[in-house]
Every structure is written in C-alpha cells, then in structure tokens.
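Chemist:
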Amino acid sequence: MSEVADATGFAELWSSLEGIGRDGRRGGYQRFAWTSADLACRDWFTSQAADRGLTVETDRNGNQWAWWLPRGGDRSGALAVGSHLDSVPCGGAYDGPLGVISALAAVDLLRARGLRPSRPVAIANFADEEGARFGIACTGSRLMTGQLGAAAARELRDGDGVRLADAMEAAGQDPESLGPDDERLSGIAQFVELHIEQGRWLVDHDAPVGVASSIWPHGRWRFDFTGEANHAGTTALNDRRDPMLTYAHTVLSARKKARLGGALATFGRIRVEPNGTNAIPSRVQAWLDGRAPDEATLSAVVGQIIAAADERGERDGTRVEVVNESRTAIVEFDDGLRDRISETLAGTFGRVPQLPTGAGHDAGILAARVPAAMLFVRNPSGLSHAPAEHADTADCLAGVAALAEVMADLAGAGPEGTGG
Ligand code: GLV
Ligand code: MN
Ligand code: MN
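Quick note on numbering: the sequence shown equals residues 781 to 1200 in the working numbering.
(1) Roughly how many angstroms separate the alpha carbons of Ser-837 and Leu-859, rounded to a whole number?
(2) Where does Met-781 fall in DSSP's three states?
(3) Relative to ligand 2, is the shortest distance from any of its heavy atoms to the C-beta of Ala-1139 smaller than 7 Å?
(4) Could you tell me if Ser-1018 is buried or exposed, where buried requires 16 or more neighbouring beta carbons within 10 angstroms of its beta carbon?
(5) Given 7 Å as the limit, tell me if Asp-1069 has its C-beta closer than that to any heavy atom belonging to ligand 2.
(6) How about Glu-910: is its Cβ closer than 7 Å to a heavy atom in ligand 1?
(7) Pull up the distance between the alpha-carbon of Val-972 and that of Asp-1142, whole angstroms please.
(8) Quick one: is the Cβ of Asp-946 within less than 7 Å of any heavy atom of ligand 1?
(9) Where does Tyr-809 fall in DSSP's three states?
(10) If you compare alpha carbons, which of Asp-954, Val-1052, Gly-999, Thr-1006 is closest to Ala-917?
(11) Given the structure, does His-1165 come close to ligand 2, in the sense that its CB is under 7 Å from one of the ligand's heavy atoms?
(12) Is any non-hydrogen atom of ligand 3 found closer than 7 Å to the C-beta of Gly-1179, if you look at the structure I gave you?
(13) Among the residues of its own chain, which have a CB less than 8 Å from the CB of Glu-798, if the five just before and after it don't count?
(14) Can you tell me which of the three DSSP states Ala-1184 falls into?
(15) Return the residue from the list Arg-1035, Trp-814, Asp-908, Glu-1101 that minimises the CA-CA distance to Gly-952.
(16) Taking the beta strand (DSSP E) that Thr-1046 falls in, what are its first and last residues?
(17) Please enumerate, following chain order, all residues with a beta carbon closer than 5 Å to at least one heavy atom belonging to ligand 3.
(18) Quick one, which of Asn-905, Asp-839, Ser-993, Glu-1008 has its alpha-carbon nearest Pro-1151's?
(19) Can you say whether Arg-840 is buried or exposed, counting buried as having 16 or more other CB atoms within 10 angstroms of its CB?
(20) When you measure from the CB of Ala-873 to every non-hydrogen atom of ligand 1, does any distance come out below 7 Å?
(21) Shortest alpha-carbon distance to Ser-1033 belongs to which of Ala-1009, Arg-899, Ile-1086?
(22) Taking just the CA atoms, how far does Gln-844 sit from Pro-955?
(23) Among Ala-931, Asp-986, Ala-1080, whose alpha-carbon lies nearest the alpha-carbon of Val-1157?
(24) For the beta strand (DSSP E) containing Ala-1066, name the first residue and the last one.
(25) So for Trp-814, helix, strand or coil by DSSP?
(26) Got a sec? Which residues, its chain only, sit under 6 Å from Arg-980 by beta carbon, not counting five neighbours each side?
(27) From Leu-793 to Ala-1066, what does the alpha carbon distance come to, in whole angstroms?
(28) Compare the Cα-Cα distances from Ala-912 to each of Pro-1195, Leu-944, Gly-1179 and report the closest residue.
(29) Gly-1116 lies in the alpha helix (DSSP H); which residues open and close that run?
(30) With DSSP as the reference, label Ile-916 as helix, strand or coil.
(31) Assuming Gly-1007 and Ser-1062 form a contact by the criterion Cβ under 8 Å, report the distance between their Cβ atoms to the nearest whole angstrom.
(32) Between Ala-817 and the rest of its own chain, which residues show a CB-CB distance below 8 Å, the 5 nearest in sequence each way excluded?
(33) Report yes if the C-beta distance between Ala-1089 and Ala-1043 is below 8 Å; otherwise report no.
(34) Of the residues Asn-1104, Thr-1124, Glu-1075, which one's Cα is nearest the Cα of Glu-1112?
(35) Would you check whether ligand 1 has a heavy atom nearer than 7 Å to the C-beta of Ala-992?
(36) Where do the ends of the alpha helix (DSSP H) carrying His-1029 lie?
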C-alpha cells in the first residue's frame, strides 16, 4: 500500500482544531486539562468521530476512545492508536494533536481504499498528558494502568489551589470513578502512538518518519527554598536569608551536574512569594525536570543537584526541601512490534530509523501493560513545547500514510465487502 494521504482532508482536520485554545498574545496553545479549551478539544474529538460514524466513549479516567469496528462489532483484541490534545503552556500545535489527527486521517485513508479492519481499532485522546495544570504528566494513562493512585490524583492541585477532583467534576467527569481499568486494558492488543519528533534525529537521518526504540527515564522534583522576607532597600546583604539566591545557585549547579553526568536537568517553572520587586522573597518553589539515558545516571545527577542545593542553603541560611512528584522508569518499546512496524514500512519508506527519546508519552506508560510502539514525524527545527514547533505538511501526510499502513497490517484490514 503506497497511496498518498489526502492533503485536503488533513488540512480540514487541522484547521478545525487549530483555533481552539490558541494564545493570541504569546503564541502557541493553552489547552490545560479540564479547562474550557480542553473541553472544546474533547468536543472536537467527539464530533470528528461522529462525522465518521465512530462511537465515542469516555473511560473512568477521562480518556476518550473512538471505535472503528469490524463487521460484527467485536471490541476485543483492539489496536489502539492516538495521542493527546492538551498542551504545555504556550505549547506547539503538533505535540499531541498530530497523533490524534493522523489517526482520524488514517481511518479516512483506509476507508478511501475500501478497507475495513478485521480487528477493532480504537482512537484514543488521553486525558492530561502534559500535566501542565496538576503537575503529573500522563495522568489519564497512569491512572488507567495503576501507576498513579486514584486518591492521590483526586488531591492534586493546580496553581490556584483547585483540586483535580473538583476540576473534573465541574467538567462533568465523576472523580470517584478514577482508578485502574484492567477491563479496558485487557481489550487492547497493541497501542501505536504517532507523535511529532521533539528533536532533530530524523532531520539528521534524512527521513520523514521514524520508530521509537526507547524513552529515557525521567521525573519531576519540587524544590521548596524557604528563607525570610525582608526589605530590599534596608537589609544588609549579610543579614539576608534569601531563598532566591539558593535557587539561583541550584539552577547553575543543575546545569553543570547534568553536563558532567550526561543527563538533562531543567528548571522551567518557579513560584516566588511574595513576588515583589522590592522584597527579599520568603519562599521560592521551583520544579526540576530531570532525564537521562539510564536510571543510575538520573538518580546520581538528581542526587548531586539536591546535595548542591542543601550545601548552598546552609551558606544562605535558607531551608531546602525536595519532593519527588513523579518518576517514570526507562521504557524499552516492544521489539517484536517495533520490528514488525519497521518491516511494514520498509516497502514505502525504506529503512526507517529507530530512535530513543527523552520525552514522555502515554505510549511509554501503556508499554508497562500492552505492547506499545511510537511513530515519529520529522520536525525540521527540532523545537517542541514551544509555539514554533512545526512539521511540514508533506511529512505529516507521510506520517498519516505510515500510520495507515501500520493500522492495516496490525488490524488486518481487508476489502470492506469481504471478511471482517
Ligand atoms: C511530555 O511531553 C514530556 O516529556 O514532558
Ligand atoms: Mn509534550
Ligand atoms: Mn505529546
């Protein structure tokens, strides 16, 4: 199968979503879990599925599933595809939505070829993949697989102190239903997530699409630096207990320890109290995002950063407390599935590069329970989690064609009039 995906159909899908949650002032998107923008994305998903005659359901953890069923309507042994529609602050248009749109476009493409699956296909829109609002990434898939407890999830709070449970309830989703979903998981035979690449590996390998080999272990740590609020104009430097100083030193140490240790360490979010220009802060909260090729390196580098913060806190007369908010183990994607996908794509795409990634994904979470795989689409700038994130349309269409080939193979698509 080497047909080209329908450029017009893809463009229509793209333009129907691109206005939702856009930040007209700063650029990019603000589509945080259970906000009005997220709900509009969820409605968009429902209506796109309905336009295609796919049945949509929302599971107990808020993940949406649109079903394309074989003749007879069997839902067991499903091939799941899809991704997420929520974003980071000022996120790009592709991280997440490309996977959902490509899945819908792939269904269109297979149907245009007169094909129908002999096994059920489910397109997923996972809830709260980015964790931008409540702090834990991949909340929907973690809850589903039992990697995040329901009680702990319900108590997560956003920056305004709103509980996840209350935000879900306000959005019409029952927070009491949260929890492991073994029944749903047992009905999924494989999960394949298509995603924009968040780096330049495919550019360097001159390939429009690639297959994921692994996801680096990663985690989030909250640092609470506590000092003493005081007047910026009257407090001698030696009399200060300034948590901003300890924080600033920790940022620089993180960079150095990561560089020396072969890891990545990022402080991308802080909260300062009282946050006044002419006041020494009483408290700085800062979130460290740490990633590394292996568990030992990640633990060692984060340990060194915490030690550096403690040491500096003693010198500054500040207190340092660190809470590990989440940690995700290394994911080695199922090699049988990965190789099968590479073989399927070889006819159209030649040798498809296999690449590791430092970014987390629902596919990585599901991989603990079902064979999972990822397809990546080339990103010419390598930028992601930023408004300038981009993939060329030709590569997006190549991604749709690749996903359609994979779906046809794994879901046993055959002529509409025969078989399944
Ligand atoms: C998800 O995009 C992550 O890796 O933070
Ligand atoms: Mn992301
Ligand atoms: Mn993503």
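We treat Cβ as the ideally placed atom computed from N, Cα and C, and that holds for glycine.
Modeler: The structure says:
(1) According to the sequence as given, residue 837 is Glu; it is not Ser. Between Glu-837 and Leu-859, the C-alpha separation is close to 16 Å.
(2) Residue confidence for Met-781 is low, a pLDDT of 48 falling below 50, so the modelled location carries little weight; the figure read from the coordinates is stated next. DSSP places Met-781 in coil when its eight states are reduced to three.
(3) yes
(4) A small fix is needed here, since residue 1018 is Asn in this sequence, not Ser. Classification of Asn-1018: exposed, given that the 10 Å Cβ count is below 16.
(5) no
(6) yes
(7) Straight-line measurement puts the Cα of Asp-1142 at about 10 Å from the Cα of Val-972.
(8) no
(9) Correct three-state label for Tyr-809: strand.
(10) Checking every option, the nearest Cα to that of Ala-917 belongs to Gly-999.
(11) yes
(12) Gly-1179: no, Cβ never under 7 Å from ligand 3.
(13) Excluding sequence neighbours, Glu-798 sits near Ala-873.
(14) helix
(15) Trp-814
(16) 1044–1053
(17) Asp-875, Gly-876
(18) Ser-993
(19) buried
(20) No.
(21) Per the C-alpha coordinates, the member of Ala-1009, Arg-899, Ile-1086 positioned closest to Ser-1033 is Ile-1086.
(22) 15 Å
(23) Asp-986
(24) Counting along the chain, the beta strand (DSSP E) containing Ala-1066 begins and ends at 1063–1071.
(25) In the three-state reduction of the DSSP assignment, Trp-814 falls in the coil class, being assigned neither a helical nor a strand state.
(26) Gly-1162
(27) Annotation: Leu-793 to Ala-1066 spans about 38 Å, alpha carbon to alpha carbon.
(28) Leu-944
(29) 1115–1129 is the extent of the alpha helix (DSSP H) around Gly-1116.
(30) coil
(31) 6 Å
(32) Ile-800, Gly-801, Tyr-809, Gln-810, Arg-811
(33) Ala-1089 places its beta carbon 8 Å or farther from that of Ala-1043.
(34) Glu-1075
(35) no
(36) 1023–1041
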